[in-house]
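**Student:** Residue numbers for the sequence shown follow the working numbering, so the first one is 60 and each next one is one higher. The following block contains the structure, expressed as structure tokens.
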Amino acid sequence: MGLRDLKVPKMKFKKMKMENVAEELDKIDYEKMEKKNIKKRTTPYEDRTHYKTVKEFFIEASKKYPNNSCILEKPNHKEPYKVITYKEFYEDVLGLGTALINVLKLQDKRVIIIGETQYGWYVSYMAMLCGVGIAVPTDRELPLNELENIVKRSKASAIIYSPKKEDDIKKLKEDLPEVEYFIEMKSDKKLEGKDVGLQHLIDLGKNLIESGNNSFEEIEIDPEEFKILFFTSGTTSNSKGVMLNNRNLAENINAVTAYVKLYPTDRMFSVLPLHHCYESTIGFLYPISRGGSIAICEGLRYIVPNLQESKPTAILTVPLLVENLYKKINEKIVKSKKDKVVNTMISITNALKSTGIDVKRKVFKEIHENLGGNLRIIVSAAAPIDKKVGIWLQNIGITFLQGYGLTETAPISALTPEYKTAVGSAGKAIVQADIKVKDPNENGEGEILIKTPTLMMGYYEDEEETKKVIDEDGYFNSGDIGYIDEEGYIYITGRSKNVIVTQNGKNIYPEEIEMMLDKVEEIKESMIYGKKPEKNSRKEQKELIITAKVIPDYEKIEEMYGKISKEEIYDIIWKRIKEVNKKLTSYKAIKTLEIKEGEFEKTSTMKIKRYKEINQK
């Protein structure tokens with residue numbers, strides 16, 4: 060499931076009457092709760108892991124938890140989740156890896172993995188990391204020309220693909236004769252020329268293992284060896300290949316365990332695309348390292364029913380999805396006319412928690428049941444989130460964490476500790492990482508620099524670009540603008556590439572204004588940019604015009620005002636913009652408004668492709 064053009068569907072939650080919210084307080088044994096109270100932690104967990112390779116923790120988890128649920132996948136929407144155990148997953152990985160190096164002779168070669176999230180993707184990726192060659196996870200939403208370019212640039216010898224990519228694969232077979240094999244994820248097709256099914260390879264590998272072939276299992280992984288090639292979001296012309304090794308991924312897992320604890324009983328809900336480092340590392344490898352399980356979301360339209368069926372304890376997501384969950388649940392509460400009751404209970408439960416008694420999950424049980432009943436952690440990354448959303452989640456008993464990083468840092472370089480959250484921040488530097496601000500201004504803002512053992516090996520076949528972003532002291536120039544408070548929490552305020560510079564040298568960060576606009580009920584999404592003045596303008600104006608490109612929330616507008624004309628919608632939104640302008644300094648004020656029809660084109664991490672939107676005629 061790609062998030063390039065993410066359109067969050069209507070989320071149908073159960074009706075929330077909230078009739079028994081207050082009654083729940085009377086059922087609580089407060090004396091017992093006080094006895095259970097544990098002293099609150101203020102420092103990182105001392106028992107963090109110290110893995111050197113992915114293969115190390117994968118083997119350890121598989122031997123320690125053979126009968127634990129590992130991957131949960133829906134055969135189709137009507138059937139229940141199918142559970143694959145650690146033992147089954149381990150055997151499939153060994154089978155595939157053995158076949159790839161012995162039958163297809165792909166050891167040390169590059170292999171593209173492309174498709175929606177599914178069991179075959181996990182098996183393929185793990186087999187590559189554990190000894191086959193170099194994995195190239197690729198965005199399934201790429202147009203054919205960009206996909207072809209990545210195949211060529213990566214020098215891929217094989218492509219493991221989803222059946223949904225069949226049309227593109229047929230074309231690649233014609234245009235790229237150098238690709239040796241095309242492996243379909245959901246097929247058991249026997250090897251015929253260049254075509255073969257993934258399941259057939261797994262079966263072939265298992266037969267070889269039974270006959271005594273342990274060649275794949277016995278491969279020793281060099282932690283420093285180039286093993287993963289991620290291409291960053293963007294068009295073919297400006298995407299970069301990020302080279303990572305096993306040490307990068309293992310150190311990321313080790314660092315995260317110091318701030319967030321997952322257990323064998325935990326279940327991650329996978330809703331983001333696996334080709335992105337954020338999901339494939341923290342959403343997949345981290346729960347595997349702890350003996351936990353992963354439930355695959357069928358697609359955005361099935362988020363709610365999948366949550367309720369799989370009952371996850373943790374979700375890795377992006378702000379847009381979290382904000383929509385918050386919005387839809389609150390709409391249900393308001394329609395039930397229980398918003399005042401809920402707000403009162405939030406105040407009471409917050410007061411109780413300050414004394415060491417946490418009853419939030421009991422009191423807000425009905426809300427939790429709509430999310431599966433077991434959800435305790437939501438981690439958001441890729442962009443800032445509306446602070447009120449994070450606070451609300453904390454108020455109802457869900458730990459809300461913010462992560463920060465880039466593909467170049469494999470990916471997490473900062474994370475909110477679960478034991479000391481700071482809603483609105485991007486977290487603290489992970490263990491062993493050093494994050495600082497370059498040339499801070501009077502507000503302490505400047506470019507974020509990162510030095511970490513998770514830092515990439517460099518850009519693929521681009522030493523010059525690598526030298527541009529990694530300085531002599533080993534700090535990575537992130538391109539993000541932000542500041543660090545006295546407690547070490549990092550706050551991201553914008554991207555250096557997006558900054559709008561006024562004639563008198565003032566910097567305007569679009570993200571700051573966008574967050575304000577996105578809180579407006581009538582606005583679904585917005586983008587701020589500096590528009591060049593018209594050439595035939597009467598005035599000799601050189602100053603960029605601060606412009607808001609806005610997607611109206613038509614559904615909300617109709618609910619609030621009934622059916623109205625485009626002109627009326629424009630007037631309503633412009634009125635709201637004027638209200639936002641009052642909260643901004645004069646040089647940041649929005650001067651013009653453009654109504655955007657349709658959706659913004661986005662990268663897979665849901666960042667707007669600004670250069671395309673700005674240059675659209």
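All C-beta atoms in this analysis are idealised placements derived from N, C-alpha and C, irrespective of residue type, glycine included.
Please classify residue 449: does DSSP put it in a helix, a strand, or coil?
**Tutor:** As a position in the sequence shown, residue 449 is number 390, starting the count at 1. In this structure, residue 449 counts as helix in the three-state DSSP scheme.
**Student:** Ignore the nearest five residues each way along the sequence and tell me which others in residue 582's own chain have a CB closer than 8 Å to its CB.
**Tutor:** Counting from one through the sequence shown, the residue named residue 582 turns up at place 523. Closer than 8 Å at the Cβ level, and outside the excluded window around residue 582, lie 576, 609, 610, 611, 612, 632, 635.
**Student:** Looking at chain B, is there any beta carbon in it that lies within less than 9 Å of the beta carbon of residue 370?
**Tutor:** The structure shown contains no chain B; it is built from a single protein chain.
**Student:** Between residue 256 and residue 248, is the Cβ-Cβ spacing less than 9 Å?
**Tutor:** As a working note, residue 256 is residue 197 in the sequence shown. As a working note, residue 248 is residue 189 in the sequence shown. Closer than 9 Å, so yes.
**Student:** Touch check for the segment 427-443 and the segment 454-466: three-plus C-beta pairs under 8 Å?
**Tutor:** yes
**Student:** Measuring straight from C-alpha to C-alpha, what distance separates residue 301 and residue 456?
**Tutor:** Here the question's residue 301 lines up with position 242 in the sequence shown. Here the question's residue 456 lines up with position 397 in the sequence shown. Answer to the nearest angstrom: the Cα atoms are 38 Å apart.
**Student:** Would you list the one or two residues that DSSP bridges to residue 169?
**Tutor:** Looking up residue 169 in the sequence shown gives position 110. According to DSSP, residue 169 bridges with 193.
**Student:** Taking all protein chains shown into account, decide if residue 334 is buried (16 or more other Cβ within 10 angstroms of its Cβ) or exposed.
**Tutor:** As a position in the sequence shown, residue 334 is number 275, starting the count at 1. Buried, because 16 or more other Cβ atoms sit within 10 Å of the Cβ of residue 334.
**Student:** Buried or exposed for residue 675, going by 16 or more other Cβ atoms inside 10 Å?
**Tutor:** Residue mapping note: residue 675 aligns to position 616 of the sequence shown, counting from 1. It counts as exposed.
**Student:** Check for me: the beta strand (DSSP E) holding residue 15 runs from which residue to which?
**Tutor:** No answer is possible for residue 15: the residues shown for the chain start at 60 and end at 676.
**Student:** For residue 355, which of 181, 485, 476, 340 has the nearest alpha-carbon?
**Tutor:** Residue numbering aside, residue 355 sits at position 296 when the sequence shown is read from its first letter. Out of 181, 485, 476, 340, 181 has the C-alpha closest to the C-alpha of residue 355.
**Student:** Cα-Cα, which of 591, 639, 107 is closest to residue 348?
**Tutor:** Taking the first residue of the sequence shown as position 1, residue 348 is located at position 289. Ranked by how close their Cα comes to the Cα of residue 348, the residues 591, 639, 107 have 107 in first place.
**Student:** Report yes if the CB atom of residue 541 is closer than 9 Å to the CB atom of residue 529, and no otherwise.
**Tutor:** Position 482 of the sequence shown, counting from 1, holds the residue named residue 541. Position 470 of the sequence shown, counting from 1, holds the residue named residue 529. No, they are not a contact pair.
**Student:** In the structure shown, what three-state DSSP assignment does residue 634 receive?
**Tutor:** By one-based count along the sequence shown, residue 634 stands at place 575. Residue state, collapsed to three classes: helix.
**Student:** Go ahead and pull the three-state DSSP assignment for residue 569.
**Tutor:** Stepping through the sequence shown from its first residue, residue 569 is reached at position 510. Of the three classes helix, strand and coil, the one that applies to residue 569 here is helix, per DSSP.
**Student:** Round the Cβ separation of residue 373 and residue 435 to the nearest angstrom and send it over; I've been treating them as touching at under 8 Å.
**Tutor:** Here residue 373 is taken as the residue at index 314 of the sequence shown, counted from 1. Here residue 435 is taken as the residue at index 376 of the sequence shown, counted from 1. Going by Cβ atoms, the distance from residue 373 to residue 435 rounds to 7 Å, so yes, they are a contact pair.
**Student:** Kindly list the residues whose CB is nearer than 8 Å to the CB of residue 508, restricted to its own chain and excluding five residues on each side of it in sequence; keep chain order.
**Tutor:** For the purposes of this step, residue 508 is taken as residue 449 along the sequence shown, with counting starting at 1. Closer than 8 Å at the Cβ level, and outside the excluded window around residue 508, lie 494, 495, 496, 497, 530, 534, 535, 536, 537.
**Student:** Please name the residue in 651, 415, 281, 619 whose C-alpha comes closest to that of residue 188.
**Tutor:** Taking the first residue of the sequence shown as position 1, residue 188 is located at position 129. Taking only the C-alpha atoms, the option nearest residue 188 is 281.
**Student:** Take the Cβ of residue 588 as the centre, count every other Cβ of all protein chains shown within 10 Å, and call the residue buried at 16 or more, exposed below.
**Tutor:** Position 529 of the sequence shown, counting from 1, holds the residue named residue 588. By the neighbour-count rule (16 or more Cβ atoms within 10 Å), residue 588 is buried.
**Student:** Take the Cβ of residue 539 as the centre, count every other Cβ of all protein chains shown within 10 Å, and call the residue buried at 16 or more, exposed below.
**Tutor:** For the purposes of this step, residue 539 is taken as residue 480 along the sequence shown, with counting starting at 1. That one is buried.
**Student:** Starting from residue 542, follow the beta strand (DSSP E) in both directions and report where the run begins and ends.
**Tutor:** Walking along the sequence shown from the start, residue 542 turns up at place 483. Looking at the DSSP string, the run of the beta strand (DSSP E) that includes residue 542 is 535-543.
**Student:** In the DSSP assignment, find the beta strand (DSSP E) that holds residue 491 and state where it starts and stops.
**Tutor:** Here the question's residue 491 lines up with position 432 in the sequence shown. No beta strand (DSSP E) contains residue 491, which DSSP labels as neither H nor E.
**Student:** Is it right to say residue 521 is buried, meaning 16 or more other beta carbons lie within 10 angstroms of its own, or is it exposed?
**Tutor:** Looking up residue 521 in the sequence shown gives position 462. Exposed: under 16 other Cβ atoms inside 10 Å.
**Student:** Looking only at C-alpha atoms, which of 131, 127, 153, 121 sits nearest to residue 278?
**Tutor:** Translated into the one-based positions of the sequence shown, residue 278 becomes position 219. Per the Cα distances, 153.
**Student:** One question on the structure: do residue 431 and residue 370 come within less than 9 Å of each other, judged by their Cβ atoms?
**Tutor:** Within the sequence shown, the letter at position 372 stands for residue 431. Within the sequence shown, the letter at position 311 stands for residue 370. For residue 431 and residue 370, yes; Cβs fall inside 9 Å.
**Student:** Thinking C-beta only, is residue 193 closer than 9 Å to residue 227?
**Tutor:** Start at 1 with the first residue of the sequence shown, and residue 227 comes out as number 168. Start at 1 with the first residue of the sequence shown, and residue 193 comes out as number 134. Cβ distance not < 9 Å, so residue 227 and residue 193 don't count as in contact.
**Student:** Do residue 157 and residue 263 count as a contact pair if the criterion is CB distance below 9 Å?
**Tutor:** Against the sequence shown, residue 263 aligns to sequence position 204. Against the sequence shown, residue 157 aligns to sequence position 98. Yes, the pair counts as a contact, with Cβ atoms nearer than the cut-off.
**Student:** Roughly how many angstroms separate the alpha carbons of residue 346 and residue 652, rounded to a whole number?
**Tutor:** Within the sequence shown, residue 346 is the residue found at index 287, counting from 1. Within the sequence shown, residue 652 is the residue found at index 593, counting from 1. In a straight line, the C-alpha of residue 346 is about 45 Å away from that of residue 652.
**Student:** Since residue 209 contacts residue 290 with CB under 8 Å, what's their CB separation in whole angstroms?
**Tutor:** Position 150 of the sequence shown holds residue 209. Position 231 of the sequence shown holds residue 290. With a Cβ gap of about 6 Å, residue 209 and residue 290 count as contacting.
**Student:** Grouping DSSP H, G and I as helix and E and B as strand, with all else coil, what is residue 278?
**Tutor:** Locating residue 278 in the sequence shown gives position 219, counting from the first residue. Here residue 278 sits in coil by DSSP.
**Student:** Evaluate residue 502 with the Cβ neighbour count: other Cβ atoms within 10 Å of its Cβ, from every protein chain shown; 16 or more gives buried, anything less gives exposed.
**Tutor:** Here residue 502 corresponds to residue number 443 of the sequence shown, with the count starting at 1. Exposed, since its Cβ has fewer than 16 Cβ neighbours within 10 Å.
**Student:** Cutting at 7 Å between CB atoms, please list the residues of its own chain near residue 276, excluding the five before and the five after it.
**Tutor:** The residue labelled residue 276 in the question sits at position 217 within the sequence shown. Contacts found: 153.
**Student:** Could you pull the start and end residues of the alpha helix (DSSP H) that residue 260 belongs to?
**Tutor:** By one-based count along the sequence shown, residue 260 stands at place 201. Residues 257-269.
**Student:** Tell me residue 604's beta-bridge partners as DSSP assigns them.
**Tutor:** Reading the sequence shown from its first residue, position 545 is the one you call residue 604. DSSP output for residue 604 lists 590 as bridge partner(s).
**Student:** Between the beta-carbon of residue 118 and the beta-carbon of residue 130, is there less than 9 Å?
**Tutor:** Within the sequence shown, the letter at position 59 stands for residue 118. Within the sequence shown, the letter at position 71 stands for residue 130. Taking the C-beta atoms as reference points, residue 130 is found no nearer than 9 Å to residue 118.
**Student:** May I have the straight-line CA-CA distance separating residue 149 from residue 191, to the nearest angstrom?
**Tutor:** If you number the sequence shown from 1, residue 149 lands on position 90. If you number the sequence shown from 1, residue 191 lands on position 132. For residue 149 and residue 191, the distance between alpha carbons rounds to 15 Å.
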